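Here is the structure we will look at.
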Amino acid sequence: MSLLRVENLSVAYGAIQALHGIDLVIEEGEIVSLLGANGAGKSTALRAISRMIPLRGGDIFYLDQSVKPIPPHRLVALGMAHVPEGRGIFPNLTVGENLALAAWTQKDRGRLAASYGKVFGLFPRLEERREQLGGTLSGGEQQMLAVGRALMTDCRLMLLDEPSMGLSPLLVKEVFRALQEINDQGTTLLLVEQNAHMALKIAHRGYVLENGRKVLEGPAARLAQDPRVKEAYLGVPTPTHPPDD
Amino acid sequence: MDTVIQQLFNAAQLGAVYALIALGYSMVYGIIRLINFAHGDIFMLGGFIGLLLTTHLGWLPFYLMMPLAMLLTALAGVAIERVAYRRLRHAQRMSVVITTLGVGIFLENLVRLTVGPETRQLPARLPTAPVLWLQNTLGAFVTWDKLLIILLSLALMAILWLVINKTLVGTAMRAVADNKDVVPLMGVNLNLIIAATFAIGSALAAAGGIFYGQAYSIDPYMGIDLGWKAFIAAVIGGIGSIEGAVLGSFLLAGVEVLTVAYLSSNLKNGIAFGLLILLLLVWPSGIMGKPMLKKV
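Chains as they are written, first to last, in the UniProt record's numbering: chain A, 1 to 245; chain B, 1 to 296.
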């Protein structure tokens, strides 16, 4: 059984079709990256998976169960967490309140304490700033808080939308190191990224979307070597014809 | 001197009632940017539910009747949100405004047809003897019911403050105000939190209705005038702000009561609305309101 199976997914915003029937499979324990240029439909796919936007066609199966009849907050209780684009932290809530709210579905005190331990172990800075308002955090800290909130839901599958956006290279490294560790501890990650270099470094497999269609898929190492990926997303120019002498 | 103190108690009583209504306007606006123009009529409905409970279940002590009336009014508020407002959450603002006004007219006529259009007095259930201690020390004639209405209102506001700031449901309400779209991603049922907000706002309005019926009288149309006043108070304080709603309410009631006492009752509304205009010229977002920031 795959943890997540996306079948022939189509999504449209009004008359504009954003996804034209894509298929994805995520196995438990994997890190899978969804790559593509701006507007390729990566974020749209994530939003459809977590039921933030309606599907036009196709279906999504989480734990072999169609997500269509499940409201988004119920999916969180079933173990699917979504770290949205732009982090989506609550600026007027403290760091502690942001985390406490994300633990809404956790009723077991032992597991709740374990979640706090996990978050503060990965991001000690969040513990230091527990009483501080979310809006006063730096961009990197806000991203840590966004990932920390997802951990507080005690998730099995974490969807991440551009966690590197707007961060310095050093902070990107820190966030990706944390993601790697989260995965090592057993959480499956579906990672939407424009920073293909970093994403392919930690991912097991990847998919490349272009204009709402899947154009490439395969193991991360192979994608990183693919000339089309190199040219489009890794900033490596494909060799042109050698100059005539 | 003694009459000034008496007038201040009158103002505090009226301000407490305004505040109990204004809080509902402010909370609902704060979390879903909806101005519920039917809220004044929820206040009226609460007063009438209190009246019906007092007349038909006369054996119920006041301190049980009031929570029961608050609960029933809360259910009415939740039902109104479910039936009339929820499906308009993404509709144009004008459709929503018209709907809230329509709900208000519906409630007024529902009460008029079922209970009758007459002005009624809620049977006095609070002691009306003067507070001797105040009479002896300050020389002010203040009755127990007035003092209790003020104190009970303040207690309800304190409870509300605790719920909003110290409970997880309150955290969720503030989160909805901050970033509504992300709340479901925390596993929180957005509809439940919005319903809870309507429930709390309606329950507070019901308390205001019962207090108003104890202190003055009730009729099916009282929600129009009082509702507008409380709305003005919420705007003066900064709509969306809980502290602002309370501050604006006591301020407005103070101005009104003192105008009636020392100038003329004819000037009451003119001065109240004039104050609104003046304050909004100085503080367009209200005293405690945050200026609307452009979202990046």
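Using N, Cα and C, we set each Cβ at its ideal position, and we do this for glycine too.
Keep in mind that this is a model prediction, so the values were computed, not measured.
Where T99 (chain B) is concerned, the enclosing alpha helix (DSSP H) starts and stops at 93-114. Using a Cβ-Cβ cut-off of 8 Å, N38 (chain A) does not count as an interface residue toward chain B, since no Cβ of chain B sits closer than that to its own. Distance from R125 (chain A) to M144 (chain A) at the Cβ level is roughly 7 Å; contact confirmed, criterion being Cβ atoms closer than 8 Å. Only G88, F90, P91, N92, L93, E97, A100, L101, A102, W104, T105 from the region 87-118 of chain A bring a Cβ to less than 7 Å from some Cβ of chain B.
Counting of Cβ neighbours within 10 angstroms places I16 (chain A) among the exposed residues, the total staying below 16. Taking 8 Å as the threshold, the shortest C-beta distance from D41 (chain B) to chain A does not fall below it. T44 (chain A) does not reach chain B, its nearest Cβ partner there being about 15 Å away, counting only Cβ pairs nearer than 8 Å. Counting only Cβ-Cβ distances below 8 Å, P72 (chain A) has contacts in chain B at P184, L185, in chain order. For a Cβ distance threshold of 7 Å, residue set V182, L185 of chain B lies close to P84 (chain A), ordered along the chain.
When DSSP states are grouped into helix, strand and coil, T143 (chain B) belongs to the strand group.
Counting only Cβ-Cβ distances below 9 Å, A172 (chain B) has contacts in chain A at L101, W104, in chain order. Judged by DSSP secondary structure, P67 (chain B) falls within the alpha helix (DSSP H) whose first and last residues are 62-80. Judged by DSSP in its simplified three-state form, Y221 (chain B) adopts coil rather than helix or strand. In the DSSP assignment, P124 (chain A) falls within the unbroken alpha helix (DSSP H) covering 124-128. Counting along the chain, the unbroken beta strand (DSSP E) around A18 (chain A) starts and ends at 16-26.
Look at V76 (chain A): its C-beta is under 8 Å from a C-beta on chain B.
Proximity to L152 (chain B) across B:M66, B:V103, B:D181 peaks at B:M66, based on C-alpha coordinates. Counting only Cβ-Cβ distances below 8 Å, L168 (chain B) has contacts in chain A at A100, L101, W104, in chain order.
In the displayed model, N195 (chain A) falls within coil according to three-state DSSP, outside both helix and strand. Taking a C-beta cut-off of 9 Å against chain B, the contacting residues of the region 48-65 of chain A are S50, R51, M52, listed in chain order. Contact between L122 (chain B) and T54 (chain B) holds: CB atoms are separated by about 6 Å, below the 8 Å threshold.
Legend: CB atoms of the region 143-158 of chain A lying less than 7 Å from CB atoms of chain B belong to residues R149, T153.
Between T188 (chain A) and I26 (chain A), the beta carbon gap of about 6 Å places them in contact (Cβ cut-off 8 Å). By the 16-neighbour rule on beta-carbons within 10 angstroms, G270 (chain B) is exposed. Taking CB atoms only, A175 (chain B) has a neighbour in chain A less than 8 Å away. Spanning the alpha carbons of L4 (chain A) and V183 (chain B) requires a straight line of approximately 23 Å. F198 (chain B) and L14 (chain B) have their alpha carbons spaced roughly 23 Å apart. Taking L34 (chain A) as the centre and dropping the five residues before and after it, the same chain places the C-beta of K42, V192, Y207 closer than 6 Å to its C-beta, in chain order. Rounded to the nearest whole angstrom, the CA to CA distance from I210 (chain B) to L204 (chain B) is 10 Å. R228 (chain A) sits exposed, since fewer than 16 C-beta atoms from the chains shown fall within 10 Å of its C-beta. Taking 8 Å as the CB threshold, N136 (chain B) stays off the interface with chain A. In the three-state DSSP reduction, I60 (chain A) falls in the strand class (E or B). For S202 (chain B), the enclosing alpha helix (DSSP H) covers residues 190-215. Between L276 (chain B) and V235 (chain B), the gap from beta carbon to beta carbon is short of 8 Å. The Cβ atoms of A146 (chain A) and G88 (chain A) lie closer than 8 Å to each other. Assignment of H56 (chain B) by DSSP, reduced to helix, strand and coil, places it in the helix class.
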